[in-house]
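Number of protein chains: 2
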Amino acid sequence: MEQKTILVVGLGLIGGSLAIGLKGFEDYAIVGCDVSQPTLRFAAEHGICDRLTEHAADAVPSADVTLLCLHPQGILDFMKEHAGRFKQGSLVTDVCGVKTAIMEGASALPECVDFIGGHPMAGTEFSGIEHAFGEMFQLAHYLVTPRETSTPDHLDLLRRMAEHIGFRDFITTTPEQHDAMIAYTSQMMHIIALSVCDDEGLFTCKGFEGNSFRDCTRVAALDVPLWTQLFSLNAPALDKVLAELEVHLADYRKALQSGDRSALADKLRYSAARKRQMNLE
Amino acid sequence: MEQKTILVVGLGLIGGSLAIGLKGFEDYAIVGCDVSQPTLRFAAEHGICDRLTEHAADAVPSADVTLLCLHPQGILDFMKEHAGRFKQGSLVTDVCGVKTAIMEGASALPECVDFIGGHPMAGTEFSGIEHAFGEMFQLAHYLVTPRETSTPDHLDLLRRMAEHIGFRDFITTTPEQHDAMIAYTSQMMHIIALSVCDDEGLFTCKGFEGNSFRDCTRVAALDVPLWTQLFSLNAPALDKVLAELEVHLADYRKALQSGDRSALADKLRYSAARKRQMNLE
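Just so you know, the protein sequences line up as chains A and B, in that order.
By this note's numbering, the letter at position 111 of the first sequence is numbered 111, and the numbering carries on one by one without gaps.
Numbers given in this note's numbering equal positions in the second sequence, counted from 1, plus 281.
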């Protein structure tokens with residue numbers, strides 16, 4: 001009997017890190033696929049996968065699990081292009097940071113293929129396999145959006161993969177819930193970081209920045225094509241949370257302008273207590 | 282000849298950490314002063330200072346350096362109350378995160394005392410000596426606002442203290458420049474974190490938060506009386522940078538709403554490049 005395989009399509013920062021993390025998972029061979037020769041060379045030299053290929057069309061038909069680690073549009077295109085090639089009864093999953101658009105795209109797959117959306121909530125401000133590392137997902141949430149038809153066996157397999165990689169937990173949700181949450185917890189943080197870096201004082205503040213500045217702006221050095229897609233595919237939800245942020249910032253400005261220290265203290269006490277409460281939960 | 286002393290007034294998170302970091306500095310004894318008995322007990326049990334006292338009035342007259350690590354109003358009050366007690370020719374400095382108000386308050390000191398404002402740009406979201414640690418200042422900037430009359434000897438002494446503690450660098454600036462910069466690099470980061478935590482989604486987002494969320498909101502769990510003072514003492518400068526942030530956030534909302542992906546990509550490219558450029562400088 002042939003060895004079972006997990007095919008990782010796209011060996012960038014996330015795909016490369018997942019491949020490293022999956023090494024030694026049960027009796028599966030990890031097969032890496034990328035169109036970039038330098039990426040394949042790097043993967044080969046660092047033993048990142050058990051096997052490597054540049055030909056997705058050859059590797060897809062024998063994969064028991066296909067893990068799509070491309071940019072959002074790349075994932076949609078890949079599913080359409082290879083729809084007829086996936087192995088019957090195999091699991092296809094992805095890593096995209098928005099899920100509604102991906103789950104819609106997955107309707108291109110034939111019924112004999114089980115698609116479960118995935119979002120490993122980790123990353124760094126860098127791109128490319130040379131920045132990949134297996135520990136990236138430790139303490140990270142693994143968000144999963146199954147379809148109604150997804151089988152318990154496939155969900156369980158994905159859960160075991162997540163455990164092997166070292167995720168903190170495995171959270172099942174709906175695409176709509178996922179995208180609304182992610183607009184707030186992730187996408188808005190990126191828009192804030194970008195907006196802070198648009199300040200005219202950015203380059204003159206050198207020497208005056210502390211950890212709060214470094215931490216808030218770190219993610220501004222983002223992958224532009226990737227985030228253009230992520231923001232665009234979730235624009236209404238993102239706009240909604242940005243509108244709420246605008247209100248809360250304006251309330252703080254009013255409290256500052258009023259000169260009423262006790263009112264300001266009340267506001268600070270309220271917000272700080274919420275953060276402390278959240279830390280405890 | 283009596284041993285020279287550095288008096289650390291206020292053994293909280295910052296004072297305690299500075300006292301630990303100053304241990305073994307040249308031939309100075311480190312004297313800690315606090316009004317709280319539990320704080321003094323903790324300091325004694327952990328050997329945080331060479332000597333401890335609860336009576337500032339007794340310790341001030343013999344101190345060669347007095348390091349005021351109280352809240353902003355506490356620093357102003359202390360200088361007024363003990364103005365006549367400081368040792369002739371001694372150095373008085375502080376750790377306050379705003380400098381214009383402190384430098385004005387220092388005019389209460391007699392001419393025979395040299396006051397140099399200081400702002401060690403570090404901290405955590407915790408308070409109190411039990412969270413103090415000497416490594417807090419490694420990689421941190423030490424911002425210094427001398428008076429025109431400050432002596433080179435005192436500036437040099439402060440620089441050697443900063444080196445001993447392990448600061449990344451020692452940056453001399455004016456109180457006005459300091460406060461304008463800090464409004465942007467520090468205070469605004471705190472207002473952002475607080476405003477993000479005011480979102481109605483805060484408690485339901487559990488399980489969906491990644492590093493960008495944790496990093497951005499970390500400082501929201503702040504010391505309310507301290508930050509009420511810091512924000513209030515620098516309200517106009519803070520309001521100015523918040524107004525600019527509002528514009529940049531609104532520009533991003535417009536780009537998102539327009540649905541024009543190439544315009545959005547252009548904006549992302551601009552902001553991300555600024556951040557990358559800043560990282561290089």
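Think of the CB as a built atom: it goes at the ideal place given N, C-alpha and C, for glycine as much as any other residue.
Query, Result
"Contacting positions in the segment 181-205 of chain A - beta carbon closer than 8 angstroms to chain B", "Met-181, Ile-182, Tyr-184, Thr-185, Ser-186, Met-188, Met-189, His-190, Ile-191, Ile-192, Ala-193, Leu-194, Ser-195, Val-196, Cys-197, Asp-198, Asp-199, Glu-200, Gly-201, Leu-202, Phe-203, Thr-204, Cys-205"
"DSSP-derived helix/strand/coil call for Ala-313/B", "In the sequence under discussion, the amino acid at residue 313/B is Gly, which differs from the Ala named in the question. Residue state, collapsed to three classes: strand."
"Best match in Glu-326/B, Val-312/B, Leu-321/B for proximity to Val-341/B [C-alpha to C-alpha]", "Val-312/B"
"Cutoff 8 angstroms: Arg-428/B Cβ touching any chain A Cβ", "no"
"Validate contact between the segment 188-198 of chain A and the segment 225-241 of chain A using beta carbons, cut 8 angstroms, 3 pairs", "yes"
"Span of the alpha helix (DSSP H) around Gly-105/A", "100-105"
"Separation of Asp-156/A from Leu-526/B, as counted between CA atoms", "45 angstroms"
"Contact with chain B by His-141/A, beta-carbon distance below 8 angstroms", "yes"
"Under the three-state DSSP convention, the category Asp-345/B falls into", "coil"
"The segment 296-311 of chain B touching the segment 410-420 of chain B, judged by at least three CB pairs closer than 8 angstroms", "yes"
"Neighbour list for Ala-300/B in chain A, Cβ cutoff strictly below 8 angstroms", "Under the 8 angstroms cutoff, chain A gives no residues; its nearest Cβ is about 20 angstroms from Ala-300/B."
"Proximity test, Cβ basis, 8 angstroms: Cys-497/B and chain A", "yes"
"Nearest-angstrom Cα separation, counted from Phe-115/A out to Leu-149/A", "The amino acid at residue 149/A is misidentified as Leu; the sequence shows Thr. Taking the straight line joining both Cα atoms gives about 9 angstroms."
"Length of the line joining the Cα atoms of Glu-26/A and Ala-63/A", "15 angstroms"
"Local Cβ density within 10 Å of Arg-555/B, reported as buried at 16 or more and exposed below that", "buried"
"Collapsed DSSP secondary structure at Thr-485/B in the structure displayed", "helix"
"N-terminal and C-terminal residue of the alpha helix (DSSP H) that Tyr-465/B is part of", "Element bounds for Tyr-465/B: n/a, residue is neither H nor E."
"Span separating the alpha-carbon of Ala-56/A from that of Tyr-465/B", "49 angstroms"
"Beta carbon proximity, Arg-534/B to chain A, threshold 8 angstroms", "yes"
"Straight-line gap, Gly-10/A to Asp-34/A (C-alpha atoms, nearest Å)", "5 angstroms"
"Cα-Cα separation, Gln-458/B to Cys-377/B", "15 angstroms"
"Cβ of Arg-159/A within 8 angstroms of any chain B Cβ", "no"
"Best match in Lys-99/A, Asp-260/A, Val-247/A for proximity to Leu-76/A [C-alpha to C-alpha]", "Lys-99/A"
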